[in-house]
Amino acid sequence: MHKEAAIREPLILGDDVTYTKISNDVLATIEGKTTKSWKVLMTIATIVGLWGVGNILYLIGVGIGTWGLNKTVGWAWDITNFVWWVGIGHAGTLISAVLLLFRQKWRMAINRPAEAMTIFAVFMAGLFPLIHMGRIWMAYWILPLPNTFGPMWVNFNSPLLWDVFAISTYLSVSLVFWYIGLIPDFATIRDRAKSPVPKLMYSLLSFGWSGNAKAWQRFEEVSLVLAGLATPLVFSVHSIVSMDFATSVIPGWHTTIFPPYFVAGAVFSGFAMVQTLMLIVRKVMHLEQYVTVKHIEYMNIVIIVTGSIVGVAYLTELFISWYSGVEYESYAFINRFSGPYAWAYWSMMTCNVISPHLFWFKKLRTNLAFTFFMSIIVNIGMWFERFVIIVTSVHRDYLPSSWSMFYPTWVDIGIFIGTLGLFSVFYLLFLRYFPVLAFNEVKSILKSSGEKYKNMSDEDFKKLHPVKK
Amino acid sequence: MANSKKYWKGLEQLNNDPKFLASSRNEFPEELPVDQFLGDKETLENSSTSRRDFLKYLGFGVAAASLAACESPVTKAIPYINKPEEITPGKANYYASTYYDGNDFAPILVKTREGRPIHVIGNKESKLTKGAINSRIAGSVLSLYDNNRLKNPLKNGKATDWKTVDAEITKALAEGKNIKILSSTLLSYSTKLALSKSAGEKVYDIQGNFKGVKIDTNFVEYDEISYSGMLDANKTTFNKRAIPTYNFEKAKTIVSVGADFMGNWLDTPMYLNDYAQTRKPDNDWMSKHFQFEANMSLSGTNADVRIPAKPSEYGVIVANIYKQLGGSVDAPAANANLESKIAAAVKALKDTKGSSIVICGSNNKNIQLIVNGINQLLDNYGKTINIVNHSNTKAGDDAKVNALVEEMSKGEVDVLFIYGVDPARSIGDKFVSALSKVKTSVSFATKENETSKLCTYVCPDNHALESWNEYNPVEGCFTLQQPTISPLFNTRQAQESFLKWSEEYKTVSYYQFIKEVWEDFIFPENGVLSLNFNEHWNKALHDGEICFEKPQAEALESTTAFVNATGISSIKIDGASFAGDFELELTQNASVGAGAGADNPWLQETPDPITKVTWDNYVTMHPSEMKERGYNTQLGEESPANLISITVNGKTIDSIPVVAQPGQAKGTIGIALGYGKVVGNMTEPTGKNAYPLVENKDGVVSYYVGAIIADVAGTYPIAATQTHQTVMGRDSVVRETTLATYKQGDKDAYNPEHKLATHENGKTVKKNIKEFDLWKAHPVENIGHRWGMSIDMNACIGCSTCITSCNSENNVPVVGKDEVRRGREMHWMRIDRYYSTDADIEDKSISGYRKMEDPADNPQVVHQPMMCQHCNHAGCETVCPVAATTHSNEGLNMMAYNRCIGTRYCANNCAYKVRRFNWFNYLAYDKFTEINPAQDDLGRMVLNPDVVVRARGVMEKCSMCVQRIQEGKLNAKKAGTKVQDGAIQTACSASCPTNAITFGDLNDTTSKINSEMNHNRAYRVIEEVGQQPNVYYLTKVRNLENNEA
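Have a look at this one:
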């Protein structure tokens, strides 16, 4: 009597998956004709993106006054959007670097699109600190460039300067990591390309990848090194972004809990955004066999965990504001949940703290429609989190004489929506021209056991592999 | 030695090589290729260097062209051909002058730069005002550069020339039988004489005698804000139709019934400094101020005890005070609440007989008679109130004005001169229709107004800063007004015009005329000084003011003359409420006044000291009554006001917004007069003209009327600089106490130090907050200068003069109503106004905080000037990524505009929210074309050349007038001395009428600021945050017992 160990559910579903099929499935969009739905989506995204660009040009042409800011609230949607996009940009690197180090093979189906999302999100994020400057044409002054202006040098005490370093480092490492991963896949496309132009393009992009064993060995090593480099960045970026607030004197900003709280929030929102995108991509591009319900469920579990951390952080903040005995601090939080922006606070609480706990139910966390809905909710909640932190803290700070409200203008809203459009443009281009899954890596997790054949009747086998006569 | 050459260029020279000797005779030892580039075509073509030369020329040409393109050509600066002796570019000249517009009077000092007046402050040498001005006077310099001033004389609304106007008016004067002059109160003998001389002595007969001026009935003085009833009462009481001068400095008890003597009542600038002297809790005594009033006025906010009362009750209050002091009058009973307060006031008055002042804002003769009676019973005449050296600033007679209008409407007036007033606006339709019956009417308006539009001729007067004049504001005091710039337009001073039209003085300039008048009439008064006339004149012109003491005998005679009771016992006071829904008290705003500031963008943008609303007038109503009617009481950017209509005696204002005013007497409402003028290049008038609501009662104008109100559909955006009303129980923002507590001497009771719990050797100890420091101290303590400021909250009355003065000094842009509504006013300094609340400020729960947001029904008010605190550990400095804001080694927080990239991080991290961001290019963006005077060439002339105009996208804030500090330091250096304490004044401290703001060197142990810094009342706002500001505030002390409200 022999007993076979229970076999883990495979990461790639379906009996018919072969190496060729994987390549075919993933490259279908690249090698096939442009679909109508892509064209429609691209048109919409371009229009929305251009609308955003138009708003940005108007902003730069006329002045920051086209936003709804005032003497009391100096940052609102601009920095909210910045932190929101940076947060979203967290999931990609976390998935590809941290999960790589932990040898989580399920990451392979999602790391490429997640990393692409990261990079485009960081593009969007980086836009806001630039355009929020009153004099964007002097933006290069925030770099420590040797200059002839006299003894002018950047202020290394300023968290805004730390941001510059943190974001640019994060962006460059993520970009390199992402691109290195793309090289073998580009080579495959190159090899399969039939017409000369794509062949040339992809051969340029693939850096002459030969696919020999040594190349693969180096590839693996570089991936590991970059993963090692990128992992601390996952934690540093949002920690540093949070210091913009944590190092200030404004009650509600001046909070030591911010770094871990922001990182957890970032992972939370990043995974939600991956969910939003992946649920659409797997459906439209027929990648259900590779991005399975299992993946969705894993990501939902991450959302429960990070959502809970965020929830604990919110409650800790509230507790500390009371426990500190500092009048301004406690008022800042009382004002948060009971003042004129209470609606924003409670939106945040509902979206971020209460709703993720629905994922404790297996039925819900494996339900794709519900997951999609929740991913949107979490993204809304995380936007509100940043809005609540930034605006409700500063709109009522120390001197009641200066207390005010913030009302967004159509330029505020237009630029935010525009960045959604621009992001979509980048993402659609990525889907159309880049291999959406790291298919060469995915092939490594394809199960090639004989289990299927073992249980197959001879008839069926013959049908599957008809013997040529 | 024959060979004197010690050094040689080479062996050739040493050896006197013949070749070398030959070449050394030439200037250039080598042949220059001159012919190659200057030669003919052939040599040029053969030249070996032509290509290089070409490139050189090309390079030079491109460089020169691009260099030339870098610098835009300057076309507007024209250098002096002959530099005037007194003008040194870069150095300011100050001229003593006088401001008088018929309503406000103050001796002033005009700062000019390169011949342009750019700043006005009070003349600190003045005995009358001691340097006090108000925001309207500070802002008046801007109206000089108003591009909408009349630039030519007009005939029937069309531009003409002076020759035509002169000829035609002279003719009209010769033909006219009934010639009348309607003018604001004229303080000037020269003006009166000029007027009389002009019309061939027809206007009135001066008889060459300055003392016994016999004013003919043809001459009508008219105050747009009437004090006619008070003048009439004084005529009855003292046989002198004049306003007394008040010496608030000696007044231990002040009872004001509806008179806002700190804002807009009579000679406000003459009262402010004196009043502030009595508000010092460290002195032997501190005055006690009772204010009965309907609207919340500046005086009300500063009073120790403020009692809301309806205007119809003013008479009752006055009569009851008189009765309780022992006078005999028919006084109706006051209601219970008033009764107890009246009793308290009377008790205080009785205790301070001979050193008190009772005043009333009513224009009712009977009420004023009783007030005179009260002051007589209190023995105040000759002590705190002086009717001998009386004030001349108000002389209007409503009865005469009414008679004139009557006469005009009958068509009996041939020629009417209108000078200094706008009766079509302030009297209204009645005057307009009467004016149409006048054959020839002449206006002297500087700017088109409602009257000038209807006049046959407009002979535009010079601006005050372009004019000569002489004034006699108070008996025995004379001041001079001198021009500080030549007339900008083709205008002529009104007095000059009058002289032109006279027979005798056709060729005399008004300057000569004044000098003659001064020599003939005023100089002889000068018995004390042994100067010749020229010396005297120069001294008077230099000082701007000259005062002679009146003989004491006359003073005594006058006070005894009053002893006969003037029939007060027979006066019947009618205490009945006015008909209508509300009793309306028409008032004036601190920066717009009777209308002087209504077309001045600086003044429109200076917020009302109490409601903090800009760019509008509105109805003030008690919040509880607004809630009953369903009106919005909480204004905000997107929270507009409700509109109502107001009807008084059949005259209606169609729609006017309602603004909540805590402390407004219930059953009353208030509206500010003076509004409804067009500002700058705007198309619509700002605010509503409320003059039509003024009522004529018993021949005098009354500002207390019964009003019917009705809701009007729609809402109206209101621009307020402060939308939160209370201080939320934050005692480290505002500290106040009662005199009783203060006198007990326990500092912890009224100004406790912040303590922080910490662990030491395992024990919890409380240590002073000053001992905790995250940062290294800046090395400015006791090294060099350390500039700082202290603000005495007891002296600050909230008048907002400093705001206007700061705007003028620091080129602060005007941003207009819409931007103010969005919370983007650019003011470097503001005055925070906090109302007290009835809620328990110790209840720091959710509901507790909510209750704290509501001001009390009749709140106590605190005014707190707030500007950059120049923190030693400034939040802004650490967060700027490009180090655009840094700390100077003199303790200033500096702002390098050029370096700023506009992240606004500093503003967010400023705990005091004093940083202002340039949201737009205010100098060019078309949203501001209509309102920002700096957008037109003329308006830009008011800019202070010492202060840079900030670009779009940079942060700005109070610099503590660093340009003045620099100037002061340079002056001290030149003089070879240390910077003397008080030598450097910031714009705000220099303009403060009550000297509430002290600027100085904290390191100078002998300085005033140093002693104030160490004063028991001194604290720093939110000191526990640890930013170590350089601005100190002195705790406000109210003269109250601990259980007294």
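From first to last, the protein sequence lines stand for chains Y and P.
Quick note: the first sequence uses the numbering used here, first residue 1, plus one each step.
Quick note: the second sequence uses the numbering used here, first residue 1, plus one each step.
Note that beta-carbon positions come from the ideal geometry of N, C-alpha and C, so glycine has one too.
Neighbour list for residue i in chain Y, Cβ cutoff strictly below 8 Å
{"i": "P:I1102", "result": "Here chain P comprises residues numbered 1 to 1045, so residue 1102 of chain P is not present and cannot be evaluated."}
9 Å Cβ cut-off: residues of chain P touching residue i
{"i": "Y:V241", "result": "Result: empty, since nearest Cβ-Cβ is about 13 Å, beyond 9 Å."}
{"i": "Y:S330", "result": "K844"}
{"i": "Y:M349", "result": "Result: empty, since nearest Cβ-Cβ is about 16 Å, beyond 9 Å."}
{"i": "Y:V249", "result": "G875, N909, C910, A911, V1025, G1026 and Q1027"}
Contacts of residue i in chain P (Cβ-Cβ under 8 Å)
{"i": "Y:T72", "result": "G823 and K913"}
{"i": "Y:E317", "result": "Here the premise fails: no neighbours, minimum Cβ distance about 16 Å."}
DSSP state of residue i mapped onto helix, strand, coil
{"i": "P:V203", "result": "Caution is warranted here: a pLDDT of 37 is assigned to P:V203, below 50, making its placement in the model unreliable, and the coordinate value is therefore given only provisionally. DSSP places P:V203 in coil when its eight states are reduced to three."}
{"i": "P:K111", "result": "strand"}
{"i": "Y:R432", "result": "helix"}
{"i": "P:I359", "result": "strand"}
{"i": "P:K214", "result": "Only weak support is given to the placement of P:K214: the predicted model assigns it a pLDDT of 40, under 50, and the question is left unresolved by the model."}
{"i": "Y:G65", "result": "helix"}
{"i": "P:P460", "result": "coil"}
{"i": "P:P657", "result": "strand"}
{"i": "P:Q324", "result": "helix"}
{"i": "P:I984", "result": "coil"}
{"i": "P:A242", "result": "coil"}
{"i": "P:V388", "result": "strand"}
{"i": "Y:K194", "result": "coil"}
{"i": "Y:R282", "result": "helix"}
Reference residue i; option with closest CA among the options
{"i": "P:E168", "options": "P:Y675, P:D792, P:W501 and P:K677", "result": "P:W501"}
{"i": "Y:I60", "options": "Y:N300, Y:A272, Y:S401 and Y:V411", "result": "Y:V411"}
{"i": "P:Q725", "options": "P:D832, P:N386, P:K974 and P:V705", "result": "P:D832"}
{"i": "P:E605", "options": "P:K755, P:M826, P:H463 and P:I418", "result": "P:M826"}
{"i": "P:D854", "options": "P:D818, P:D946, P:I797 and P:G729", "result": "P:G729"}
{"i": "P:M270", "options": "P:M955, P:N283 and P:Y246", "result": "P:Y246"}
{"i": "P:H887", "options": "P:Y897, P:H870 and P:P881", "result": "P:H870"}
{"i": "P:A233", "options": "P:L187, P:D161 and P:V371", "result": "P:V371"}
Cβ pair residue i, residue j closer than 8 Å
{"i": "P:F578", "j": "P:S297", "result": "no"}
{"i": "P:N751", "j": "P:Y1019", "result": "yes"}
{"i": "P:I225", "j": "P:Q588", "result": "yes"}
{"i": "P:G1046", "j": "P:T164", "result": "Since the first and last residues shown for chain P are 1 and 1045, residue 1046 of chain P lies out of range."}
{"i": "P:S591", "j": "P:S228", "result": "no"}
{"i": "P:N389", "j": "P:E475", "result": "yes"}
{"i": "Y:S158", "j": "P:T878", "result": "yes"}
{"i": "P:Y222", "j": "P:P423", "result": "yes"}
Proximity test, Cβ basis, 8 Å: residue i and chain A
{"i": "Y:R135", "result": "Among the protein chains in the structure shown, which are Y and P, there is no chain A."}
9 Å Cβ cut-off: residues of chain Y touching residue i
{"i": "P:R730", "result": "E327, Y328, Y331, Y398, L399 and P400"}
Interface residues of chain P facing residue i [CB-CB closer than 7 Å]
{"i": "Y:N155", "result": "C880, P881, V882 and A883"}
Could I get the ranges of all uninterrupted alpha helix (DSSP H) runs contained in the segment 82-170 of chain Y, with 4 residues as the minimum, in chain order?
-> 111-131
Completely contained beta strand (DSSP E) runs for the segment 815-881 of chain P, where each covers 3 or more residues = Listed in chain order, the complete beta strand (DSSP E) runs (minimum 3 residues) inside the segment 815-881 of chain P are 830-835 and 861-866.
Taking only runs that begin and end inside the segment 96-180 of chain P, name each unbroken alpha helix (DSSP H) of 4 or more residues, in chain order.
-> Within the segment 96-180 of chain P, the complete alpha helix (DSSP H) runs of at least 4 residues fall at 135-144 and 162-175.
Return the chain-ordered ranges of every alpha helix (DSSP H) run that is complete within the segment 611-644 of chain P and spans a minimum of 4 residues.
-> 623-629
Unbroken stretches of the beta strand (DSSP E), 3 residues or longer, contained in the segment 675-716 of chain P = Counting whole runs of 3 or more residues, the segment 675-716 of chain P contains the beta strand (DSSP E) stretches 695-697, 700-702 and 704-716.
Whole alpha helix (DSSP H) runs in the segment 472-528 of chain P with 4 or more residues, listed along the chain?
-> Inside the segment 472-528 of chain P, DSSP marks whole alpha helix (DSSP H) runs of 4 or more residues at positions 494-501 and 510-517, from first to last along the chain.
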